[in-house]
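J.: For reference, each letter of the sequence shown is one residue, going 0 to 321 in numbering that gives the first Met the number 0. Glycine included, every Cβ here is placed at the ideal spot set by N, Cα and C.
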Amino acid sequence: MRSLFEVKNLNMHYPVTDGLLGNIKGYVYALNNVSINIYENEILGLVGESGSGKSTLGNCILKLLNPTSGEVIFNGENILNKSKKELNDFRKKAQLIFQNPYMSLDPRMKIYDILKEPFIINKIKDKTEIDNKIKRIIQLIGLNEEVLSRYPHEFSGGQRQRIAIARAIILNPEFVVADEPVSALDVSIQAQIVNLLIKLKNELNLTMLFISHDLSIIKYISDRVAVMYLGEIVEIAPKEELFSNHKHPYTQALLNALPLINKDKPQKIIISGDIPSPQNPPNGCKFHTRCPYVMDKCKIKHPEFYEISNGHSVRCFLCESS
Ligand SMILES: Nc1ncnc2c1ncn2[C@@H]1O[C@H](COP(=O)(O)OP(=O)(O)O)[C@@H](O)[C@H]1O
Ligand SMILES: [Mg+2]
C-alpha cells in the first residue's frame, strides 16, 4: 500500500488570549504528536467525541490551518514548508467537504456559478471545457442540468450537500477530507449521501479522510478506522479488526454506545464523566480519568502506540506486552 499522506508528529496548540490585551494565557492542545498514514485509494474513518480534534486534524492535513509543528508529507513532499504559490497545485488535488451545506454554498450565486468558481480560482478559462465538466459532474452526483440556473435556497439539505460535493470534486482531486458531511442532514437522507461518496470514491479513484462522531456511519464507509481522544490517535486498525477485536477501553466505550453491534457482549463499559478540557489535559494517559481499567502507571506515564498486529496499533498499557 502506498501512502498518499504521511503525517508525522503533528501538533496544533491554539493560543488562548485574554480578551482585553490579547495576552496569551494558555493553549488548547487540540493535536498532540499525531502520526498517521493515509493510503492511496482508501477511506480512512476518523471517529471521536466532539472536541477531540478531528476537524483540526483534517484542516491541518489540507493546510487550511497552520499547525504548531510536525510534518504533512503529500506524495513525498512536506506541504507545510510550501509557499502559498507552491500550494496552488496541492489545493487542486486536496479538497474539503464541509459539514453544513446550508453555510457552504453562497446564497447569492446560481449553482452554475458555484460550480464554475473552482475553475476561475485556478485560472481555467476554456468555456467549453468548463461547461462539459459542470454537466458531467451534475450527472455524476445525481442531479439534473436544470439545477444549474437555480439558487441554493431552492434545494433540500441533501441536494445542497450533493452540490457542495460536486464543487469539491469538480477539478478531479486525488484526496478529500469529508468533515461530518452528513451530520447536518436528516437521518433519512444520510445513507444516500454516504452511498454517493462511496460511488465517487470508486469512480474517481479518490482517497478520503471521512470524519464522523457516528460509529455506525464510520463502520459503513471506512476501510480503516482511527479513533481520536483529546488530540491523540488512541487506536487504529482495518475496519473489520477494529469492530471485532478493538483493544482500547475508549474504543470499547464508543462501541458500547452502538446497541446493534454489542447485543452479545456481556461486559458493557460505560465511560463516566465528560471529556477533560484540552486546555488542561490529564498527565499520563489522557484517558485515565475515565478509564475503568486505570492502573497507577497510567496516571504518570504516557503510553506509546503499540503495534499489536499488522496494521493494528493501540495507545494503552494493557497492550504493552502483547
Ligand atoms: N480556532 C480555535 N481556537 C481555539 N480553540 C479551538 C479552535 N478551533 C478548535 N478549537 C478547540 O480545539 C479542540 C478540538 O476541536 P475540533 O478540532 O473542532 O474537534 P472535533 O472536530 O473533534 O469536534 C476543541 O477543544 C476546540 O474547542
Ligand atoms: Mg469537527
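1. So, for D185: in the same chain, excluding its five sequence neighbours on each side, which residues have a beta-carbon less than 8 Å away from its beta-carbon?
2. Quick check: the Cα distance between C318 and Y305, rounded to an integer number of angstroms?
3. Using only the alpha-carbon positions, how far apart do A29 and M11 sit?
4. To the nearest angstrom, how far is the alpha carbon of N131 from that of A93?
5. My guess is that I35 and V71 are in contact by the Cβ rule of under 8 Å, so how many angstroms apart are they, rounded?
6. Using only alpha-carbon positions, find the residue among N194, G283, N255 and R289 that is nearest to K296.
7. Look up F97 in the DSSP assignment and say whether it is helix, strand or coil.
8. Out of curiosity, what's the CA-to-CA distance linking I140 and A165?
9. What span of residues does the beta strand (DSSP E) with D178 cover, start to end?
10. Since G69 is in the beta strand (DSSP E), which residue starts that stretch and which ends it?
11. Can you give the Cα-Cα distance for F316 and F209, rounded to whole angstroms?
12. Could you tell me if the beta carbon of P277 falls within a distance shorter than 6 Å of some heavy atom in ligand 3?
13. Alpha carbon to alpha carbon, what distance is there between L254 and N261?
14. Less than 7 Å between C-beta atoms, sequence neighbours within five positions excluded: which residues of the same chain meet that for T16?
15. Any residue with its Cβ nearer than 5 Å to a heavy atom of ligand 1 should be included. What is that list in chain order?
16. So, for P281: in the same chain, excluding its five sequence neighbours on each side, which residues have a beta-carbon less than 7 Å away from its beta-carbon?
17. Only counting runs of 4 or more residues, tell me where the alpha helix (DSSP H) segments fall wholly within the region 117-172, in order along the chain.
18. Quick check: the Cα distance between K115 and L195, rounded to an integer number of angstroms?
19. Tell whether a beta-carbon distance below 7 Å holds between E41 and D222.
20. Keeping to the same chain, check which residues put their C-beta closer than 7 Å to that of P265; ignore five residues upstream and five downstream.
21. Assign P14 to one of two classes, buried (16 or more other C-beta atoms within 10 Å of its C-beta) or exposed (fewer than that).
22. Could you give the residue range of the alpha helix (DSSP H) that holds R90?
23. Is the CB-CB distance between G272 and N31 below 7 Å?
24. Anyone know if the C-beta pair for S103 and A183 falls short of 7 Å?
25. Which parts of the region 210-265 are runs of the alpha helix (DSSP H), unbroken and 4 residues or longer, counting only runs that do not cross its ends?
26. Count the other CB atoms within 10 Å of the CB of L3; is the residue buried (16 or more) or exposed (fewer)?
T.: Per the coordinate set shown:
1. G156 and G157
2. 7 Å
3. 6 Å
4. 22 Å
5. With 8 Å as the limit, I35 and V71 do not qualify as a contact, their Cβ atoms being about 10 Å apart.
6. G283
7. coil
8. 7 Å
9. F174 to D178
10. S68 to F73
11. Taking the CA atoms as reference points, F316 sits about 28 Å from F209.
12. In the structure shown, ligand 3 is absent; the only ligands present are ligand 1 and ligand 2.
13. Because the pLDDT of N261 is 47, which lies under 50, any placement of that residue in the model is unreliable, and the number read from its coordinates should be weighed accordingly. Answer to the nearest angstrom: the Cα atoms are 7 Å apart.
14. N22, I23 and K24
15. Y13, V27, A29, S49, G50, S51, G52, K53, S54, T55 and P277
16. P275, H287 and T288
17. 126-139 and 156-168
18. 21 Å
19. yes
20. Bear in mind that a pLDDT of 47 at P265, under 50, signals an unreliable position, so the number given afterwards is only what the model happens to contain. Cβ within range, chain order: n/a, list empty.
21. exposed
22. L86 to K92
23. For G272 and N31, no; Cβs fall outside 7 Å.
24. Result no, Cβ atoms of S103 and A183 do not sit closer than 7 Å.
25. 214-220, 238-244 and 248-255
26. buried
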